[in-house]
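*Asks:* For reference, each letter of the sequence shown is one residue, going 113 to 442 in full-length UniProt numbering.
Ideal Cβ placement from N, Cα and C applies to all residues, glycine included.
Here it is: the structure, laid out below.
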Amino acid sequence: FDLRNEDLKDLHELGQGNGGSVKKVEHVPTGTIMAKKIVLIDAKPSVRKQILRELQIMHDCSSNYIISFYGAFISDPNICICMEFMDKGSLDGIYKKIGPIDIDVVGKVALAVLEGLTYLYDVHRIIHRDIKPSNILCNSQGQIKICDFGVSGELINSIADTFVGTSTYMSPERIQGAQYTVKSDVWSLGISLIELALGRFPFADDSSDDSDLSEFEGTLSPSRPAPLPKKTKEQKEQEKKKKRRKSKGVSLQGGGMTMSILELLQHIVNEPAPRLTPEGRFPHEAEDFIDSCLLKDPDQRKTPKDLLKYPWIDHARSSTIDLEAWASTF
Ligand code: ATP
Ligand code: MG
Numbered sequence: 113f114d115l116r117n118e119d120l121k122d123l124h125e126l127g128q129g130n131g132g133s134v135k136k137v138e139h140v141p142t143g144t145i146m147a148k149k150i151v152l153i154d155a156k157p158s159v160r161k162q163i164l165r166e167l168q169i170m171h172d173c174s175s176n177y178i179i180s181f182y183g184a185f186i187s188d189p190n191i192c193i194c195m196e197f198m199d200k201g202s203l204d205g206i207y208k209k210i211g212p213i214d215i216d217v218v219g220k221v222a223l224a225v226l227e228g229l230t231y232l233y234d235v236h237r238i239i240h241r242d243i244k245p246s247n248i249l250c251n252s253q254g255q256i257k258i259c260d261f262g263v264s265g266e267l268i269n270s271i272a273d274t275f276v277g278t279s280t281y282m283s284p285e286r287i288q289g290a291q292y293t294v295k296s297d298v299w300s301l302g303i304s305l306i307e308l309a310l311g312r313f314p315f316a317d318d319s320s321d322d323s324d325l326s327e328f329e330g331t332l333s334p335s336r337p338a339p340l341p342k343k344t345k346e347q348k349e350q351e352k353k354k355k356r357r358k359s360k361g362v363s364l365q366g367g368g369m370t371m372s373i374l375e376l377l378q379h380i381v382n383e384p385a386p387r388l389t390p391e392g393r394f395p396h397e398a399e400d401f402i403d404s405c406l407l408k409d410p411d412q413r414k415t416p417k418d419l420l421k422y423p424w425i426d427h428a429r430s431s432t433i434d435l436e437a438w439a440s441t442f
């Protein structure tokens, strides 16, 4: 594909994140449906070109568990990344629609994410850095794939410069400033799997209906709007939406509990890790797997490759559950 913005027809918006928005588009010359991610970055043209070069690695990523990449280009001042469109959307949207996800399906999600992470790391030495339900996508064939991994160091830097994001899927060691490793992704996977199985973010109170929580989509971000050089209509729209979100308050509320971002980060560092509860409701092998993902000491925590050998994952691999049929229910 030689992608040019003029060849892409906007169909509709798929969602908004911290760093930009994603639209369903049609590549008119070929009729291909794609997801186009518009990344807002405040960077010099030379840096943007560097990012574009780094993103080209994604052309070499080929796995059933990784979103495929069509190409990226600069659409001044933004960077656009075109990728495979996943028609059932992300798992956060799915559980918010259908409720807690069946533990056997969650097992398949764990398997897919571990396969994807192992592929990225073993073949390309890439650490994902942003595992969470909104970055795990599903399609009507029942495939589960991960997206939004950290391929470009420059892109990671530019976004970090622009947004003071405080992701709540962050591992205790990352909160304390340690380097990212594949094991930080394993922590984020553990948190995400509990969220899918319970149908709510695990650090919220049990009695919470997650209507407040869903405002934050798992990301509590005291982001300051970036001083952008030229503001496009799209950017202005996004800033407005972000302000609206922000004005709802930067607190995580559920039932009787209200946690500020700082309290939440302190909680992750100081308190015991969340677990799949109540005990006995889920298969013991699932509990055991998630406990291993959520070991607070990264030296004790396993790598994605090790976790692929766990009994629960073996079970998921041989499970005959029909994900295509499951995906046809929503
Ligand atoms: P954050 O910006 O904090 O990472 P996010 O992952 O929700 O949050 P985006 O990556 O911008 O933000 O994605 C916005 C939404 O677009 C996602 O929640 C997802 O539902 C949808 N989406 C992203 N990529 C695709 C895709 N390839 N196919 C279908 N839907 C997608
Ligand atoms: Mg995303």
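#1: In three-state terms, what does DSSP make of N190?
#2: How is T230 classed by DSSP in three states: helix, strand or coil?
#3: Please report the distance separating the alpha-carbon of T415 from that of Y292.
#4: I believe C250 touches A439 by the beta-carbon criterion, under 8 Å. Please report the beta-carbon distance rounded to the nearest angstrom.
#5: Tell me whether F181 sits in a helix, a strand or coil according to DSSP, three-state version.
#6: Any idea if I210 is buried or exposed, counting beta-carbon neighbours within 10 angstroms, 16 or more meaning buried?
#7: According to DSSP, is Q412 part of a helix, a strand, or is it coil?
#8: Given that a residue counts as buried once 16 or more other Cβ atoms are within 10 Å of its Cβ, and exposed if not, what is residue 443?
#9: Mapping DSSP to helix, strand and coil, what is H240?
#10: Should G129 be counted as a contact of the ligand MG given a C-beta to heavy atom distance under 7 Å?
#11: Classify V140: buried if its beta carbon has 16 or more other beta carbons within 10 angstroms, exposed otherwise.
#12: Quick one: what's got a C-beta closer than 8 Å to T441's C-beta in the same chain, skipping five residues either side?
#13: Among all the DSSP beta bridges, which residues are the ones paired with E138?
#14: Output the boundary residues of the alpha helix (DSSP H) element that contains C405.
#15: Can you name the start and end residues of the alpha helix (DSSP H) that L152 belongs to?
#16: Let me check understanding here. Comparing Cα to Cα, which of S300, S270 and D119 lies closest to P284?
#17: Among I243, A290 and K257, which has the Cα closest to the Cα of V298?
#18: Looking at L152: is its Cβ nearer than 8 Å to the Cβ of N190?
#19: Considering only residues of the same chain and omitting the five flanking positions on each side of F185, which have a CB-CB separation below 6 Å?
#20: Between G254 and the ligand ATP, is there a pair consisting of the residue's CB and a ligand heavy atom that are separated by less than 7 Å?
#21: When DSSP builds the beta bridges, which residues end up paired with M198?
#22: Starting from the C-beta of I206, find all residues in its chain whose C-beta is less than 6 Å away, skip the five residues before and the five after it, and write them out in chain order.
*Replies:* Taking the geometry as given:
#1: Translated into positions along the sequence shown, residue 190 becomes position 78. Three-state DSSP puts N190 in a strand.
#2: For the purposes of this step, residue 230 is taken as the residue at position 118 of the sequence shown. Three-state DSSP puts T230 in a helix.
#3: For the purposes of this step, residue 415 is taken as residue 303 along the sequence shown, with counting starting at 1. For the purposes of this step, residue 292 is taken as residue 180 along the sequence shown, with counting starting at 1. About 13 Å.
#4: For the purposes of this step, residue 250 is taken as residue 138 along the sequence shown, with counting starting at 1. For the purposes of this step, residue 439 is taken as residue 327 along the sequence shown, with counting starting at 1. Sure, about 6 Å apart at Cβ, within 8 Å.
#5: The residue you call residue 181 lines up with position 69 of the sequence shown. Strand.
#6: Stepping through the sequence shown from its first residue, residue 210 is reached at position 98. I210 should be labelled exposed.
#7: Taking the sequence shown and counting its residues from 1, the one referred to as residue 412 is at position 300. In the structure shown, Q412 sits in coil (DSSP, three-state: anything other than H, G, I, E or B).
#8: This structure leaves residue 443 out entirely; the chain is present only between 113 and 442.
#9: Taking the sequence shown and counting its residues from 1, the one referred to as residue 240 is at position 128. DSSP places H240 in coil when its eight states are reduced to three.
#10: Numbered from 1 along the sequence shown, position 17 holds the residue referred to as residue 129. Checking the Cβ of G129 against the ligand MG gives yes.
#11: Taking the sequence shown and counting its residues from 1, one reaches residue 140 at position 28. Under this definition V140 is an exposed residue.
#12: Here residue 441 refers to the residue found at position 329 when the sequence shown is read from its first residue. Excluding positions up to five away in sequence, the list reads I210.
#13: Taking the sequence shown and counting its residues from 1, one reaches residue 138 at position 26. Answer is K121 and I145.
#14: Here residue 405 corresponds to residue number 293 of the sequence shown, with the count starting at 1. Element bounds for C405: H396 to C405.
#15: In the sequence shown, the residue the question calls residue 152 occupies position 40. Taken as a continuous stretch (DSSP letters only), L152 belongs to no alpha helix (DSSP H), as it is neither H nor E.
#16: If you number the sequence shown from 1, residue 284 lands on position 172. Comparing Cα-Cα distances from P284 to each of S300, S270 and D119, the minimum goes to S300.
#17: Within the sequence shown, numbered from 1, the residue matching residue 298 stands at position 186. Comparing Cα positions, the closest option is I243.
#18: For the purposes of this step, residue 152 is identified with residue 40 of the sequence shown, where counting begins at 1. For the purposes of this step, residue 190 is identified with residue 78 of the sequence shown, where counting begins at 1. Yes, Cβ-Cβ distance for L152 and N190 is below 8 Å.
#19: Here residue 185 refers to the residue found at position 73 of the sequence shown. Cβ neighbours of F185 beyond the five flanking positions: L115 and C192.
#20: For this step, residue 254 is matched to residue 142 along the sequence shown. No, the Cβ of G254 stays beyond 7 Å of every heavy atom of the ligand ATP.
#21: In the sequence shown, the residue the question calls residue 198 occupies position 86. Answer is none; M198 lacks a bridge partner.
#22: Residue 206 sits at position 94 when you count from the first residue of the sequence shown. Counting only Cβ-Cβ distances below 6 Å, and skipping sequence neighbours, we find nothing.
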